[in-house]
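One structure below.
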Amino acid sequence: MTQLLLVNNLTKVYGNHKVADSISFELEQGTITALIGPNGAGKTTTLSMLAGLVTPSDGSILFQNQPKADIRASIGFLPQYPKFFPWLTALEFTEMAARLSGIEAKKALEDAKKTLEFVGLGNAMKKRTGTFSGGMKQRLGLAQAIVHKPKLLLLDEPVSALDPVGRRQVMNLLKELQQETTILYSTHILNDAEEMTDQLLFLRKGALVENGSLDSVREKYANPRILIEFESDEEVDRFITMSPWAFSREKRLLVIDAE
Ligand code: ADP
Numbered sequence: 388m389t390q391l392l393l394v395n396n397l398t399k400v401y402g403n404h405k406v407a408d409s410i411s412f413e414l415e416q417g418t419i420t421a422l423i424g425p426n427g428a429g430k431t432t433t434l435s436m437l438a439g440l441v442t443p444s445d446g447s448i449l450f451q452n453q454p455k456a457d458i459r460a461s462i463g464f465l466p467q468y469p470k471f472f473p474w475l476t477a478l479e480f481t482e483m484a485a486r487l488s489g490i491e492a493k494k495a496l497e498d499a500k501k502t503l504e505f506v507g508l509g510n511a512m513k514k515r516t517g518t519f520s521g522g523m524k525q526r527l528g529l530a531q532a533i534v535h536k537p538k539l540l541l542l543d544e545p546v547s548a549l550d551p552v553g554r555r556q557v558m559n560l561l562k563e564l565q566q567e568t569t570i571l572y573s574t575h576i577l578n579d580a581e582e583m584t585d586q587l588l589f590l591r592k593g594a595l596v597e598n599g600s601l602d603s604v605r606e607k608y609a610n611p612r613i614l615i616e617f618e619s620d621e622e623v624d625r626f627i628t629m630s631p632w633a634f635s636r637e638k639r640l641l642v643i644d645a646e
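Using this note's numbering, you'd call the opening residue of the sequence shown number 388 and step up by one each time.
Next comes the structure, spelled out in structure tokens:
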């Protein structure tokens, strides 16, 4: 296995609030990793630091053993709330994203077309993005993040806002992409992480509380054990859990494979 990313003690402090607290992990090439945690855990901040949009307060990020990645060429990023220019067509928008990542004009148009076909928007290329449904926008957001074939794809809650059909479509696309790129995506929905993940990173209050394969985490937490202690019912409600993940509302404990 070849290491793509090495994150060491990554920290972000706003005022006296440690939003990311000494986070360390590695990503191997060609793997899919889920960054899981309740709202406010620090997922967006962590992804934003990796995408080069937020400057870390401390710690280091090594991309292919180098401290400075050519971020625009090497990394694709889908923000949680992507902004589209409503008057642009999907093709114009995706072509623009390709150009911005350094692809020359003629190739940018071809790559944009291919990418839109890949994400299932082949028939909607000439439509203005302002007319797009939520599911179409999410696929367009994915298109702009992958059009330049990044080595690392960062996705902030890529499926949380989608219905089950849209969720399955995007998950299937990610599975296909895994052959060409390394994927790190965040979610607060455990069931999504369960479907396709080589590595789980659990974030709570800015700190990484678990890091392992789904199987190893399951093994560790069988019988049942505490995974995350919630502090309030609101926090519990933000987690949508489905079998075989289970949790005890009374105790505000999340457990896996509870007997
Ligand atoms: P998540 O993506 O897991 O929901 P975020 O990274 O968005 O978590 O936020 C983590 C915490 O950091 C939250 O308490 C949020 O209010 C705080 N935070 C995020 N961005 C800023 C900022 N620019 N200034 C101050 N606090 C912030």
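Even glycine gets a Cβ: it sits at the ideal position worked out from N, Cα and C.
- Counting along the chain, Asp445 sits inside the beta strand (DSSP E) bounded by residues Asp445 to Phe450.
- Remark: C-beta atoms of Leu542 and Leu601 do not approach each other more closely than 8 Å.
- Annotation for Asp498: the continuous alpha helix (DSSP H) segment containing it runs Ala492 to Phe505.
- For Ile576, no alpha helix (DSSP H) run applies, since DSSP gives it neither H nor E.
- Between Asn403 and Leu422, the alpha-carbon positions lie close to 24 Å from each other.
- In chain order, Ala477 and Met523 place their CB closer than 7 Å to the CB of Ala511, counting only its own chain and leaving out the 5 sequence neighbours on each side.
- By the Cβ test, the region 457-464 is not in contact with the region 552-564, since fewer than three Cβ pairs between them sit closer than 8 Å.
- Leu475 is a Cβ neighbour of Arg515, given a cutoff of 8 Å.
- Collapsing the DSSP output to three states places Thr420 in a strand.
- By the neighbour-count criterion, in which a residue is buried when 16 or more other Cβ atoms sit within 10 angstroms of its Cβ, Ser603 is exposed.
- In the DSSP assignment, the residues bridged to Ala594 are Arg591.
- In this structure Leu571 is in contact with Leu414, their Cβ atoms being roughly 6 Å apart against a cut-off of 8 Å.
- The three-state secondary structure of Val552, taken from DSSP, is helix.
- Secondary structure of Thr518 (DSSP, three-state): helix.
- Residues Thr398, Gly593 and Ala594 of the same chain have their beta carbon placed closer than 7 Å to that of Asp408, with the five preceding and five following residues left out of the count.
- For the set Phe471, Leu529, Thr518 and Gly446, the Cα lying nearest the Cα of Glu504 is the one of Leu529.
- Relative to ligand 1, the beta carbon of Val546 is positioned no closer than 7 Å to any heavy atom.
- By alpha-carbon distance to Ala485, the top candidate from His535, Lys513, Pro454 and Arg526 is His535.
- In the DSSP annotation of this structure, the continuous segment of the beta strand (DSSP E) that includes Phe412 starts and ends at His404 to Glu415.
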